[in-house]
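A.B. asks: Submitted below is the structure of interest, expressed as structure tokens.
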Amino acid sequence: MDGIVLPGMLFELPVQHYRSNDAANAQGHAVPGRQRVRSTAVLPHLAYISTRKFLGAYYGAEILLPLVHLDLEIDGGPDGDRTRQGDLVVSPMLLQWEPVSLFGRPYWQRLNLVITAPTGDYDRDASINVGSNLWIVSPHYAFTWELTDRLEVSGRLHYAWSSRNDDPASRLQAGDIQPGTAIHSNFSVSYALSDAWRVGLAGYQLRQTSADRIDGQRQSDSKERVLGLGPGVMYRQGKQSFFANYYIEQGARNRSEGSQLTLRYLLPF
3 MDGIVLPGML FELPVQHYRS NDAANAQGHA VPGRQRVRST AVLPHLAYIS
53 TRKFLGAYYG AEILLPLVHL DLEIDGGPDG DRTRQGDLVV SPMLLQWEPV
103 SLFGRPYWQR LNLVITAPTG DYDRDASINV GSNLWIVSPH YAFTWELTDR
153 LEVSGRLHYA WSSRNDDPAS RLQAGDIQPG TAIHSNFSVS YALSDAWRVG
203 LAGYQLRQTS ADRIDGQRQS DSKERVLGLG PGVMYRQGKQ SFFANYYIEQ
253 GARNRSEGSQ LTLRYLLPF
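Heads up, the sequence shown is in my numbering, so the first residue is 3 and it goes up one at a time.
Dropping the structure here:
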């Protein structure tokens, strides 16, 4: 139901827990040695959509400030744990359209310009950092298509561009680094069992579209990708909604491959 948002305030509290003991290289083969990753993020999120319109859509803004715990044990890489404030995420412009008819059924859509600012905890000499020390600009398009009164399909399509980090981790012995651009998405199909309960299948995918750079030089075989799929359930009580999703990852390249549990509380007011 990602594309359906009405004017007013919205508070959301997602909690995400990720765990992995494996990582894949550029060819998808297992990276040898210890590759343990554990992370937990609490992501309080506040959004406002006005009753005024721009380009035919209600406009608004949102803000998200994560608290992140990382516990890593990577052979030849980061080792230890850290709990700190993550990077601030803001959207100065959010456009939510009223539903239109697509093949006779309601179709909701939204455009959002999301900016991540380098405000999180960062120390170039630390083994583990919660902050990224760079800016990320990530516009996205979200939609929900109500196929029937009970069945819906939703998605969110992102493009992400990252600035240079001019103070990278000292172990890299580099003057600057820059992650490559990426396309990533969330998607779901759900069915209403009753007015209160909804079940479905959800997923996410990441595909890096350009190579990372170190000191301006493209790094071969550096593109990441992964796909996560799993079941989801939603329970609604009055205005409140509770979500639970469990994802199992596959097809990883140049990153960890594990599982993620996401719990969300949502309250519009």
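All C-beta atoms, glycine included, are put in the ideal place defined by N, C-alpha and C.
Terminal residues of the continuous beta strand (DSSP E) containing A171?
C.D. replies: Run containing A171: none; DSSP gives neither H nor E here.
A.B. asks: Label Q98 either buried or exposed according to how many other C-beta atoms from any shown protein chain fall within 10 Å of its C-beta, with 16 as the threshold for buried.
C.D. replies: Buried, since its Cβ has 16 or more Cβ neighbours within 10 Å.
A.B. asks: For D168, does the count of other Cβ atoms within 10 angstroms reach 16, so buried, or fall short, so exposed?
C.D. replies: When all chains shown are included, D168 counts as exposed.
A.B. asks: So for M236, helix, strand or coil by DSSP?
C.D. replies: Here M236 sits in strand by DSSP.
A.B. asks: Distance, Cα to Cα, S134 vs T121?
C.D. replies: Rounded to the nearest angstrom, the two C-alpha atoms are 8 Å apart.
A.B. asks: Could you give the DSSP three-state label for Q18: helix, strand or coil?
C.D. replies: The answer is strand: DSSP assigns Q18 an E or B state.
A.B. asks: Is the stretch 101 to 119 in contact with the stretch 142 to 158, if contact means three or more CB pairs nearer than 8 Å?
C.D. replies: Judged by Cβ distances under 8 Å, the stretch 101 to 119 makes contact with the stretch 142 to 158, as three or more pairs qualify.
A.B. asks: Hey, is the stretch 15 to 26 in contact with the stretch 56 to 65, meaning 3+ C-beta pairs nearer than 8 Å?
C.D. replies: At 8 Å Cβ cutoff, the stretches do not touch.
A.B. asks: Assuming D77 and R40 are in contact, meaning their beta carbons sit under 8 Å apart, how far apart are those beta carbons, in whole angstroms?
C.D. replies: Rounded, the Cβ-Cβ distance is 16 Å, inconsistent with contact.
A.B. asks: Distance, Cα to Cα, A128 vs L90?
C.D. replies: Cα to Cα, the separation comes out at about 20 Å.
A.B. asks: Please name the residue in G253, E64, D123 whose C-alpha comes closest to that of L48.
C.D. replies: Among G253, E64, D123, the Cα nearest to that of L48 belongs to E64.
A.B. asks: Determine the contact status of M11 and F271, defining contact as a CB-CB distance below 8 Å.
C.D. replies: Yes, the pair counts as a contact, with Cβ atoms nearer than the cut-off.
A.B. asks: Below 6 Å CB to CB, which residues in the same chain sit around R215 once its five sequence neighbours on both sides are set aside?
C.D. replies: Within the same chain, R215 has close Cβ partners Q180.
A.B. asks: Given R84, which residues of its chain have a CB within under 7 Å of its CB, disregarding the five upstream and five downstream residues?
C.D. replies: Result list for R84: L72, I130, V132, in chain order.
A.B. asks: Would the beta-carbon of T211 fall within 8 Å of that of I185?
C.D. replies: Cβ atoms of T211 and I185: closer than 8 Å.
A.B. asks: List, from N- to C-terminal side, the beta strand (DSSP E) runs of 3 residues or more that fit wholly inside the stretch 205 to 269.
C.D. replies: Taking only runs of at least 3 residues, the beta strand (DSSP E) segments lying wholly in the stretch 205 to 269 are 227 to 239, 242 to 255.
A.B. asks: Output the boundary residues of the beta strand (DSSP E) element that contains I65.
C.D. replies: Looking at the DSSP string, the run of the beta strand (DSSP E) that includes I65 is 59 to 66.
A.B. asks: Can you name the start and end residues of the beta strand (DSSP E) that S52 belongs to?
C.D. replies: 47 to 56 is the span of the beta strand (DSSP E), which, as asked, contains S52.
A.B. asks: H31 to A198, Cα distance in whole Å?
C.D. replies: Approximately 44 Å between the Cα atoms of the pair.
A.B. asks: What's the gap between the Cα of S224 and the Cα of A28?
C.D. replies: Approximately 7 Å between the Cα atoms of the pair.
A.B. asks: Are I51 and V92 close, meaning C-beta to C-beta below 8 Å?
C.D. replies: No.
A.B. asks: Answer yes or no: do L265 and F13 have a C-beta to C-beta separation smaller than 8 Å?
C.D. replies: Not in contact: L265 and F13 (Cβ atoms no closer than 8 Å).
A.B. asks: If you reduce the DSSP assignment to three classes, tell me which class M3 lands in.
C.D. replies: Reduced to three states, the DSSP call for M3 is coil.
A.B. asks: Write down the C-beta distance between L231 and G205 rounded to the nearest angstrom, noting that I regard them as a contact closer than 8 Å.
C.D. replies: Yes, L231 and G205 are in contact; Cβ-Cβ is about 4 Å, under 8 Å.
A.B. asks: Measure the C-alpha to C-alpha separation of F105 and M3 and round it to an integer number of angstroms.
C.D. replies: C-alpha separation (whole angstroms): 18 Å.
A.B. asks: If I measure Cβ to Cβ from G218 and keep anything under 7 Å in the same chain, skipping five residues before and after, which residues do I get?
C.D. replies: The answer is none, since no qualifying residue turns up.
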